[in-house]
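At position 215 of the sequence shown the residue is numbered 396 (our numbering), and the sequence of numbers has no breaks.
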Amino acid sequence: MSTNIKNAFEASNARDFTSNQLVSEFIWTNSFSELLESTKNQIVLGSRGSGKTALIKMLSHQNLRRLSRKQPADPIELENINEAKKIIEEKELIATYVPLKVEWVNSLNNFENSKERYFIWSLNLATCARLLDTLTSCIEEYIDDDVEATLIQRSICKELSSLWLTDKIVNNADELRKELESLEYQKNLVFNKESMGITLSDEDKSLGLAFHGNLFSTFTIATKTIARSLQIPEYCKWVLCLDEAEFLSKKHHEILNTHMRSANDIFFKVTTMPYRHHTLSTTVSANVNVGHDLEYVYIDKLGTINMNQTQSDKQIQLFATKLFENRLRQFDFKNVVTLESLVGESKLSQDTTELVNEDTLMTLIERHCNEPTIARAKKLKQDNNNKFNNEIARKIRGILLLRDEYHNRVGSSNTSLYSGGAIISRCSDGNPRRIFRLFNHLVNSTSNNSSITPELQGKRIKSFSHSELEVLKFEKGGKNSFELLKTLGAYFKEQTLQVKLGTDLAQSISVNNSISDDVWDAIKSAVDLGLLYPVAKKDSNHKNLFPDKEGDFCLANCLAPHFNLFPRVGRAVSLKTILNGNSSFKQIELF
């Protein structure tokens, strides 16, 4: 395997991607359509690595514009590119991406007496600085003549600098951006002086005065200036995409909620982890109303939470395969490498009698299943072979293979069953960053460009699965989540490999409001990190609310190889039942 492909999957965080790389590798999902089409403010919920940053970065005018000019690889991509082109050309939506910088969010604690002032000032400046990227993109898109474009940029920047700066008039976006960077540095010095009790001069107090106004007021007036100069219609939606709101405090979320409730001139797309939108409260008497003022968009598992297992698995496999191809397209290979040519098909997920004929399957059923399941299988096989395949064989063929191999494995030999494109895709849980890490685990240290044997795949996937659990111990509050997941994994492993099987295997937990705060915190941390996922009812279309001390949660598929489980959503068992029978988790008060 060439050096290139061994290094191809090392980069996995969209924050570090260039715009060209992001657009080249981006895959349009239903969640992205939902963000583009909605006329409401949206809180984008997703675990770490689920693609939140990529989605709202792609909403920005400059990236959506690049996407609209991309060469389509297939008819579906052509349709999506045409949709992006329509939005850009008809000026339906103009979005600005703003990352909430960890450094200035963390530094808020240094300014105890002026936290909110510092937050508002910094966010006002950050949104305006990023708006300059949007301005540049709009001018490039909507003004064809170079001279006219230069004159319009000059006119707009002079007007913006008169609004934002007190003593300078700047006539181009690059210079204005530099002025804002310098202003931010100088203002931070002023805030530091104030926090140290040093008396501020009148000049200190007036520095960056424009950004001390109401939150987003400087951004809003700037959009009006740009719209007027570029003849952008009133129906255009100006959107602010605020990334990584989990770093903010409850008070800051109240401030943002207030603007989502009352702002008429701009829309908000705010990303955070599933349990990190801290409140629906505002700084006024009324809360934000979910479904009216804002809506939640849950993007984990590529937004397939409301789909059945087959539909979800299919979408995730298509996504993983496409992501593999898109990444390798950035590299120059003499030979075309596809995911299937590299890893082959998956034995565990194939619904075929070629792997296990019906007679062998019945032998496995009699060996590993409980008496009611054996009796039912025999009757269905005799009376209605189609029902036997649909109600018995389809559900437990893979589990029986896994269990039989486990009991017959010799010594430390590697399993060959955790292999192939379908199982690799499932074990990624549709998490883009996890997909890249899993691909990197598979191709690393492979010496040539031939296929990877199922045994070697199994060894590397199990190693990857182990590492996904182990890193949890080093997260803030992760030790309790680690112990909880170890307990759940051990229970499900026993149910899969030791207890006689039925067709409805336990592989999820059910919780209610009797659960203790400590255990609930452990569950929330696991969900935030993509190691537990909420399970939606199959007939549920309600996506606005997220479960709070209630509902069912399934173990992430990425942990299945570590615990020798079949990667699927299974029947839910009461968490109380599992924990009350386990002594290793007693250090946490359960109920």
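Backbone N, C-alpha and C fix where the C-beta goes; we use that ideal spot for every residue, glycine too. Just so we're clear, the structure is a prediction, and the values are computed from it rather than from any experiment.
Less than 8 Å separating the beta-carbons of Lys238 and Asn244? Position 57 of the sequence shown, counted from the start, is the residue given in the question as residue 238. Position 63 of the sequence shown, counted from the start, is the residue given in the question as residue 244. Yes. Within cutoff.
Boundaries of the alpha helix (DSSP H) in which Trp209 is found, first to last residue: Stepping through the sequence shown from its first residue, residue 209 is reached at position 28. First-last for Trp209: undefined, no H or E at that position.
I'd like the ranges of any beta strand (DSSP E) spanning at least 3 consecutive residues and lying wholly in the stretch 522 to 595. none
Does the beta-carbon of Pro553 have 16 or more other beta-carbons within 10 angstroms, so that it is buried, or is it exposed? Residue mapping note: residue 553 aligns to position 372 of the sequence shown, counting from 1. Classification of Pro553: exposed, given that the 10 Å Cβ count is below 16.
What do you reckon, are the CB atoms on Ser205 and Leu710 nearer than 8 Å? Locating residue 205 in the sequence shown gives position 24, where the first residue counts as 1. Locating residue 710 in the sequence shown gives position 529, where the first residue counts as 1. It is not a contact, given that the beta carbons lie outside the stated cut-off.
What does DSSP give as the partner residue(s) for Tyr714 in the beta ladder? The count along the sequence shown starts at 1 and reaches residue 714 at position 533. Tyr714 pairs with Cys735.
Along the chain, where does the alpha helix (DSSP H) containing Arg618 start, and where does it finish? Stepping through the sequence shown from its first residue, residue 618 is reached at position 437. Per DSSP, Arg618 belongs to the alpha helix (DSSP H) from Pro613 to Val624.
In angstroms with no decimal places, state the Cα-to-Cα distance between Gln334 and Ile605. Along the sequence shown, one-based indexing puts residue 334 at 153. Along the sequence shown, one-based indexing puts residue 605 at 424. Cα to Cα, the separation comes out at about 49 Å.
Since Ile275 sits in a beta bridge, which residues does DSSP pair it with? Along the sequence shown, one-based indexing puts residue 275 at 94. Paired residues: Trp419.
Could you please give me the residues that DSSP links to Asn222 through a beta bridge? Here residue 222 refers to the residue found at position 41 when the sequence shown is read from its first residue. For Asn222, which the question treats as bridged, DSSP gives the partners Leu475.
Could you give the uninterrupted runs of the alpha helix (DSSP H) lying entirely in the stretch 320 to 406, keeping only those of 4 residues or more? 327 to 345, 354 to 376 and 383 to 387
What would DSSP say about Gln688, mapped onto helix, strand or coil? Start at 1 with the first residue of the sequence shown, and residue 688 comes out as number 507. Note: Gln688 maps to strand in three-state DSSP.
Quick one: grab the DSSP three-state call for Leu461. Numbered from 1 along the sequence shown, position 280 holds the residue referred to as residue 461. In the structure shown, Leu461 sits in coil (DSSP, three-state: anything other than H, G, I, E or B).
Inspect the CB distances between the stretch 383 to 395 and the stretch 302 to 315 and report whether three or more fall short of 8 Å. yes
Among Glu649, Lys560, Pro635 and Ser295, whose alpha-carbon lies nearest the alpha-carbon of Asn369? Here the question's residue 369 lines up with position 188 in the sequence shown. It is Ser295.
Please report the straight-line C-alpha distance between Ala254 and Leu344, rounded to a whole angstrom. As a working note, residue 254 is residue 73 in the sequence shown. As a working note, residue 344 is residue 163 in the sequence shown. Those two C-alpha atoms are separated by around 45 Å.
With a 10 Å radius around its C-beta and 16 neighbouring C-beta atoms as the bar for buried, classify Thr199 as buried or exposed. Taking the first residue of the sequence shown as 1, we reach residue 199 at position 18. With fewer than 16 Cβ atoms within 10 Å of its Cβ, Thr199 is classed as exposed.
According to the neighbour-count rule (16 or more other Cβ atoms, all chains shown, within 10 Å of its Cβ), is Tyr479 buried or exposed? Within the sequence shown, the letter at position 298 stands for residue 479. Buried: at least 16 other Cβ atoms inside 10 Å.
Could you check where the alpha helix (DSSP H) with Thr491 kicks off and where it finishes? Here residue 491 corresponds to residue number 310 of the sequence shown, with the count starting at 1. Note, Thr491: alpha helix (DSSP H), Gln490 to Leu509.
Would you say the stretch 454 to 467 touches the stretch 686 to 698, given that touching needs at least three Cβ pairs under 8 Å? no
Distance, Cα to Cα, Lys503 vs Glu521? Residue mapping note: residue 503 aligns to position 322 of the sequence shown, counting from 1. Residue mapping note: residue 521 aligns to position 340 of the sequence shown, counting from 1. Taking the straight line joining both Cα atoms gives about 11 Å.
For Asp197, which of Ser755, Gly658 and Pro280 has the nearest alpha-carbon? By one-based count along the sequence shown, residue 197 stands at place 16. When only C-alpha atoms are compared, the closest one is Pro280.
For Ser706, tell me which candidate among Asn565, Asp729 and Ala403 has the shortest Cα-Cα distance. Residue 706 sits at position 525 when you count from the first residue of the sequence shown. The candidate whose alpha carbon is nearest that of Ser706 is Asp729.
Identified DSSP bridge partners for Tyr424: For the purposes of this step, residue 424 is taken as the residue at position 243 of the sequence shown. With the sequence shown as reference, residue 424 is identified as Asp, and Tyr is not the correct amino acid for it. Bridge partners of Asp424: Pro280.
Going by the beta-carbon positions, is the gap between Val524 and Lys187 smaller than 8 Å? Sequence index remark: in the sequence shown, residue 524 carries index 343 (1-based). Sequence index remark: in the sequence shown, residue 187 carries index 6 (1-based). No; because the gap between Cβ atoms is not below 8 Å, this pair is not in contact.
Give the secondary structure of Val680 by DSSP, where H, G and I count as helix, E and B as strand, and everything else as coil. The sequence position of residue 680 within the sequence shown is 499, counting from 1. Looking at Val680 - three-state DSSP - the assignment turns out to be coil, as it is neither helix nor strand.
Would Leu746 pass as a contact of Phe673 if the rule is Cβ separation under 8 Å? Numbered from its first residue, the sequence shown carries residue 746 at position 565. Numbered from its first residue, the sequence shown carries residue 673 at position 492. Against a cut-off of 8 Å, the Cβ pair of Phe673 and Leu746 comes out as a contact.
6 Å Cβ shell around Lys724 - same chain, five flanking residues per side excluded: Your numbering for residue 724 matches position 543 in the sequence shown. Low local confidence applies: a pLDDT of 48 at Lys724 is under 50, so the model's placement there is unreliable, with the coordinate-based value given in what follows. Hits under 6 Å: none found.
Give a yes or no on whether the C-beta atoms belonging to Gly579 and Ser530 are separated by under 8 Å. By 1-based counting over the sequence shown, the position of residue 579 is 398. By 1-based counting over the sequence shown, the position of residue 530 is 349. Result yes, Cβ atoms of Gly579 and Ser530 sit closer than 8 Å.
Rounded to whole angstroms, what's the CA-CA distance from Thr452 to Lys233? Just pull it up for me. The sequence position of residue 452 within the sequence shown is 271, counting from 1. The sequence position of residue 233 within the sequence shown is 52, counting from 1. Straight-line Cα distance between these residues: approximately 6 Å.
Taking Thr541 as the reference, which of Lys562, Asn551 and Ser527 has the closest Cα? As a working note, residue 541 is residue 360 in the sequence shown. Closest by alpha carbon: Lys562.
Straight-line gap, Phe663 to Arg409 (C-alpha atoms, nearest Å): Walking along the sequence shown from the start, residue 663 turns up at place 482. Walking along the sequence shown from the start, residue 409 turns up at place 228. Computed Cα separation, rounded: 55 Å.
Under 8 Å between C-beta atoms of Asp830 and Cys739: Residue numbering for the chain in the displayed model covers 182 to 772; residue 830 lies beyond these limits and cannot be assessed.
Quick check on DSSP: helix, strand or coil for Leu756? Residue 756 sits at position 575 when you count from the first residue of the sequence shown. Leu756: helix per DSSP, three-state reduction.
Can you tell me which of the three DSSP states Phe190 falls into? As a working note, residue 190 is residue 9 in the sequence shown. Note: Phe190 maps to coil in three-state DSSP.
Would you mind working out which of Asn567, Ser231, Val469 and Ile616 sits nearest Glu425, comparing C-alpha positions? Translated into positions along the sequence shown, residue 425 becomes position 244. Out of Asn567, Ser231, Val469 and Ile616, Ser231 has the C-alpha closest to the C-alpha of Glu425.
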